[in-house]
Amino acid sequence: MSTLSSMPKIPRVWGAVCGVLVAVAVVAPSASPAAPRHDAKPTPVAKQASVAEGVVTAVAAEVVKSGIKAAVAQWAPDLTKYVDPTGHALAQIQVQLEEISRRLSELLDQQQAAEQHLNCVTQRVALDPVLSRTEAWFSTLRKAARISEPSARAEVFARMYSQYDSMVSDQNHLHRALNGADGLIRACAKHIETGMKPYLSAALSRDVNDFYAVYHTAAGELLILRANMMALYPGHFPTTDAKDAALELETRWRVEREWIKPAFPASMSYDIKSGWLWRYTTITWSNKSLMTQLERDGWRVTGRSTTPSCSAVAAFVKATGRTGATALNYVKQLRVLDIPSGDTILCYDDHDKLRNYDLVRYYETYAGDVTSHWPSVAARPNDGLVNISDYSYLNG
0 MSTLSSMPKI PRVWGAVCGV LVAVAVVAPS ASPAAPRHDA KPTPVAKQAS
50 VAEGVVTAVA AEVVKSGIKA AVAQWAPDLT KYVDPTGHAL AQIQVQLEEI
100 SRRLSELLDQ QQAAEQHLNC VTQRVALDPV LSRTEAWFST LRKAARISEP
150 SARAEVFARM YSQYDSMVSD QNHLHRALNG ADGLIRACAK HIETGMKPYL
200 SAALSRDVND FYAVYHTAAG ELLILRANMM ALYPGHFPTT DAKDAALELE
250 TRWRVEREWI KPAFPASMSY DIKSGWLWRY TTITWSNKSL MTQLERDGWR
300 VTGRSTTPSC SAVAAFVKAT GRTGATALNY VKQLRVLDIP SGDTILCYDD
350 HDKLRNYDLV RYYETYAGDV TSHWPSVAAR PNDGLVNISD YSYLNG
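Under numbering that gives the first Met the number 0, residues 0 to 395 are what the sequence shown spells out, in order.
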């Protein structure tokens, strides 16, 4: 089973983009190094200060307004209060940068811990050098701002600038590898789904997004790095380069997100083996109106219908490959079925006898004259209610 479900979710790192641009751009090197290989008309020295300011404004405007509120960003700290970096000290900006770096390191550790469960390792490992270089560059950028001697700091920036072409190359390689029907996103999504069999639930989308978040974050760091180089050496770049780079990244992210399928409806889960849909939330026995409505909608409610039987519900839980409390807790963790405390439901056994059935001990007791207070489970054959191919990478 995929262990990616333990990963926290990643958020808006873009206040930090603006922050570091201001922090770094104010200390330009004393002399410009040789420009990397890119077609750009040098900007006159007299205009460099205003151009640098323009770069900051362009990047800030683009990355903040564009609403980068999904994917990467669902789990780093909320940095939106830093969208006006001029009002914050360098020390605060450094905290942001260190947090972004720490989060990427955490994500990488989580992903590598899940490696044994993902047969997409070959493609993933091929991108490891890109992630490693990105971490190293980003660390250098963070540390450079702490160097008090201007000439020493300028030397560090000059070395980084000499690798600008490599940054661009790595960014391009990263996005090429992620895309396509056979690309990294889809390849790993298929294997994450394989690890969750026989269930299909919203957990699949969560884990695929967590996997992708590693590369989404790295791409954001590469943009921060490139934008800083543009701010430091504006004479080597057209004035629209930073804006264009931000817009290009936004476009690439949109394309990549299209390879990630939407989340399965959170209100239910699907059992691939039986072809049945299971309602995630159980129903209290006193809620007769909800039971009646579910039955009208084609659902079968335990305690009121002999299907699904107690053994069918138990089989659904045991499909985890685990037993007892371990199996039931895993089902709850995946948000496949939520059994309230007590771990007991009301259902008919295979002989049409009403039972209070313990899903941990697989023990049943006679429910008497239906005075039980245990909840019921609702399930139904998937006779067209949900198009599985809309959510599954293995079936469509």
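Note that beta-carbon positions come from the ideal geometry of N, C-alpha and C, so glycine has one too.
Is Asn-227 helix, strand or coil by DSSP?
Residue 227 sits at position 228 when you count from the first residue of the sequence shown. In the structure shown, Asn-227 sits in a helix (DSSP, three-state: H, G or I).
Around the C-beta of Asp-206, are 16 or more other C-beta atoms found within 10 angstroms, so that it is buried, or is it exposed?
Locating residue 206 in the sequence shown gives position 207, counting from the first residue. Answer is buried; the Cβ neighbour count reaches 16.
Would you call Gln-292 buried or exposed, if buried means 16 or more other Cβ atoms sit within 10 Å of its Cβ?
Counting from one through the sequence shown, the residue named residue 292 turns up at place 293. It counts as exposed.
State the DSSP-derived secondary structure class of Arg-396, mapped to helix, strand or coil.
The first residue shown for the chain is 0 and the last is 395, placing residue 396 beyond what the model contains.
Closest by CA to Glu-399, which one among His-174, Phe-315 and Thr-238?
Residue 399 is absent from the structure shown; the chain starts at 0 and stops at 395.
Reducing DSSP to helix, strand and coil, say where Arg-379 ends up.
Your numbering for residue 379 matches position 380 in the sequence shown. Reduced to three states, the DSSP call for Arg-379 is strand.
Name the residue from Asp-270, Val-155, Glu-363 and Ser-310 whose alpha carbon lies nearest to the alpha carbon of Val-196.
Numbered from its first residue, the sequence shown carries residue 196 at position 197. For the record, residue 196 in the displayed sequence is Lys; it is not Val. Of the candidates Asp-270, Val-155, Glu-363 and Ser-310, the one whose C-alpha sits nearest the C-alpha of Lys-196 is Asp-270.
Kindly list the residues whose CB is nearer than 7 Å to the CB of Asp-382, restricted to its own chain and excluding five residues on each side of it in sequence; keep chain order.
As a first step, residue 382 must be located in the sequence shown, where it is residue number 383. Excluding positions up to five away in sequence, the list is empty.
Is Leu-393 helix, strand or coil by DSSP?
Sequence index remark: in the sequence shown, residue 393 carries index 394 (1-based). Residue state, collapsed to three classes: coil.
Roughly how many angstroms separate the alpha carbons of Gly-234 and Ala-151, rounded to a whole number?
As a position in the sequence shown, residue 234 is number 235, starting the count at 1. As a position in the sequence shown, residue 151 is number 152, starting the count at 1. When rounded, the distance between both Cα atoms is 21 Å.
Mark His-215 as exposed unless 16 or more other C-beta atoms lie within 10 angstroms of its C-beta, in which case mark it buried.
Translated into positions along the sequence shown, residue 215 becomes position 216. His-215 should be labelled buried.
Check whether the Cβ atoms of Pro-374 and Leu-345 sit closer than 8 Å, and answer yes or no.
Within the sequence shown, residue 374 is the residue found at index 375, counting from 1. Within the sequence shown, residue 345 is the residue found at index 346, counting from 1. Yes, they are a contact pair.
Can you give me the start and stop residues for the beta strand (DSSP E) that Leu-345 sits inside?
Residue mapping note: residue 345 aligns to position 346 of the sequence shown, counting from 1. It spans 343–347 - the beta strand (DSSP E) in which Leu-345 sits, taken as one unbroken run.
Val-330 bridges to which residues according to DSSP?
Residue numbering aside, residue 330 sits at position 331 when the sequence shown is read from its first letter. Paired residues: none, contrary to the question.
Assuming the contact rule is C-beta atoms closer than 8 Å, Met-159 and Leu-140 should be a hit. Round their C-beta distance to whole Å, please.
In the sequence shown, the residue the question calls residue 159 occupies position 160. In the sequence shown, the residue the question calls residue 140 occupies position 141. That belief holds up - the Cβ atoms of Met-159 and Leu-140 are roughly 7 Å apart, short of 8 Å.
Would you mind listing the alpha helix (DSSP H) stretches within the segment 212–258 that are 4+ residues and don't spill past its ends, in chain order?
Runs found: 240–257.
Could you tell me how far apart the beta carbons of Val-359 and Gly-323 are, in whole angstroms, since I believe they sit closer than 8 Å?
As a working note, residue 359 is residue 360 in the sequence shown. As a working note, residue 323 is residue 324 in the sequence shown. Contact flag correct, Cβ pair sits at about 5 Å.
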